[in-house]
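In short: position in the sequence shown from 1, add 862, done, that's the working numbering.
Quick reminder that beta carbons are idealized off the backbone N, C-alpha and C, glycines included.
Here the structure is a predicted model, which means the values were calculated and not measured.
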Amino acid sequence: MILRAEKLSPIKDNFIDYVEREIINALPRNPLGKALDYAKKHLPGLKNVLLDGSLEVDNNAAERAIKPFVIGRKNFLFANTAKGATASNNIYSIIETAKANKLVVERYLVYLFDNLSKIDISDRESLMHLMLWSDKIPENMKIKDKK
């Protein structure tokens, strides 16, 4: 945390100085003016990355997580119905969330579909046990860390 503050604090300070210096002369409707205005509105939140070590410095993980949806968007255009597109989107979501939770996707899907047919889907607690992040998920569904 201290190292993060030492490395990032001067960069943050330089960025704040730049925004405050350049926004004075920037035309508000041109791209630079709009970008500087946007940055100025979000400057107070910049310090949070220095205060909380659990916060990511960038949004690369989020960008990677949505990439399959961006690619799949073209495929959704060819769904015959809105329900078909919704079903495709739901499957994409389950698969990507399984990956994010370090589950073996194929095993989890088999487990999910087998168990969905055995429970009352109106019972919230039963559904919660099937959620990708549940501690009730069997160990053989989880990707083992390489040591």
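Cβ neighbours of residue i in the same chain (closer than 7 Å, five flanking residues each side left out)
i	result
residue 962	927
residue 1007	none
residue 910	917
Check whether residue i and residue j have beta carbons under 8 Å apart
i	j	result
residue 997	residue 988	no
residue 905	residue 886	no
Buried or exposed (CB count within 10 angstroms, at least 16 for buried), residue i
i	result
residue 970	buried
residue 898	buried
Residue i to residue j span [Cα, whole Å]
i	j	result
residue 966	residue 954	15 Å
residue 951	residue 999	23 Å
residue 854	residue 1003	The requested residue 854 is not part of the displayed model; the chain covers only 863 to 1009.
residue 874	residue 880	10 Å
residue 957	residue 968	9 Å
residue 949	residue 972	17 Å
residue 930	residue 895	33 Å
residue 867	residue 884	25 Å
residue 992	residue 977	8 Å
residue 920	residue 908	11 Å
residue 945	residue 939	12 Å
residue 925	residue 888	30 Å
Rounded Cβ spacing between residue i and residue j (contact assumed at less than 8 Å)
i	j	result
residue 871	residue 912	6 Å
residue 943	residue 994	So it is not a contact: roughly 27 Å between Cβ atoms.
Beta-carbon contacts of residue i that lie in its chain and below 8 Å, excluding the five residues immediately before and after
i	result
residue 1005	964, 965 and 966
residue 934	950, 951 and 954
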